[in-house]
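Q: Quick one: the structure is below, and I'll ask about it shortly.
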Amino acid sequence: MSPRNTTAKRKVGGNVWAPRIAVQLGLLFLLAPLALILLFRFVPPPITPLMLIRLLQGYSVHYQWVPYDRIAPVLIESVIASEDNLFCREAVGFDFKALVGQIAALRGGERPRGASTITMQTAKNLLLWPGRDPVRKVIEIWLTPQLALLWPKRRVLEIYLNVIEFGPGVYGAEAAALRFFGRHASQLKSDHALRLALVLPAPLHRSAVRPDPYLRERTEVIRSRINQLGPLLDCTR
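Those letters in the sequence shown? Residues 65 to 301, by my numbering.
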């Protein structure tokens, strides 16, 4: 057999395997997150990508899982009032009205403020990395309906309130309550819960222990909003 024929066969073989490898990688990309979503429906996540990133940045990890019924209801209500008023009504994890508004703002040349729901934030904090890059956002949008359809609302909140970052290296309601207020998550008072909810958009720059004037003002706004939500909090009970 001539060297030319051998080379040709190798090329043919390579062309045969390339699509198979692409299909296998595609299936892995699709199924691996789904497998983790199904697993974490029942099992507490041991660690998240953000925790690993913060470790590499030199932060310690303070993370202590606590069941949903051992998180003060006022914290759950404060987070919904602050982050996602329509959480209980979002069938697939999106606030479509807010998304349309952000798209319109983008087309008008304005900077989008974001329309991230609690379910979207849960997908990001549980399985992805921080940042605003388009690739991460596309994957987040792909994962969000899977969480919304496969988990009950209370499980979304349970995971969210256990893995969300409340301060540098501090993850979840229990670790935050103990570190900042010296009490368990089930013992949080209204003021403590409101402050914790309000640091979530910028946990590395805001402090629940030493709230600045903006946080103190927003605390009263969110307190009033909780009283107005009424049936929009039904799924939390």
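C-beta atoms are modelled at their ideal positions from N, C-alpha and C, and glycine is treated no differently.
I'd like to know whether the C-beta atoms of Gly157 and Pro198 end up nearer to each other than 8 Å.
A: No. Outside cutoff.
Q: Check Val202 in the structure and name its three-state DSSP category.
A: Val202: helix per DSSP, three-state reduction.
Q: Figure out for me which residue from Leu103, Phe245, Pro109 has the closest Cα to the Cα of Val227.
A: Val227 has its Cα closest to that of Pro109, out of Leu103, Phe245, Pro109.
Q: Which residues bound the beta strand (DSSP E) around Glu229?
A: Looking at the DSSP string, the run of the beta strand (DSSP E) that includes Glu229 is 229-231.
Q: Should the segment 235-249 be called in touch with the segment 115-134, which here means at least 3 C-beta pairs below 8 Å?
A: Touching, yes.
Q: Taking DSSP's pairing of strands, which residues face His269 in a bridge?
A: DSSP, once it has assigned bridges, lists no residue as partnering His269.
Q: Helix, strand or coil: which one does DSSP assign to Leu296?
A: Of the three classes helix, strand and coil, the one that applies to Leu296 here is helix, per DSSP.
Q: What does the Cβ neighbour count give for Leu190, buried or exposed, with the cut at 16 atoms within 10 Å?
A: The residue in question, Leu190, is buried, as its Cβ has 16 or more Cβ neighbours within 10 Å.
Q: Looking at the strands, I want to know which residues DSSP matches up with Tyr235.
A: Tyr235 is bridged to Tyr127, Glu229.
Q: Out of curiosity, what's the CA-to-CA distance linking Ser288 and Val234?
A: Answer to the nearest angstrom: the Cα atoms are 27 Å apart.
Q: Taking all protein chains shown into account, decide if Val164 is buried (16 or more other Cβ within 10 angstroms of its Cβ) or exposed.
A: Val164 comes out exposed.
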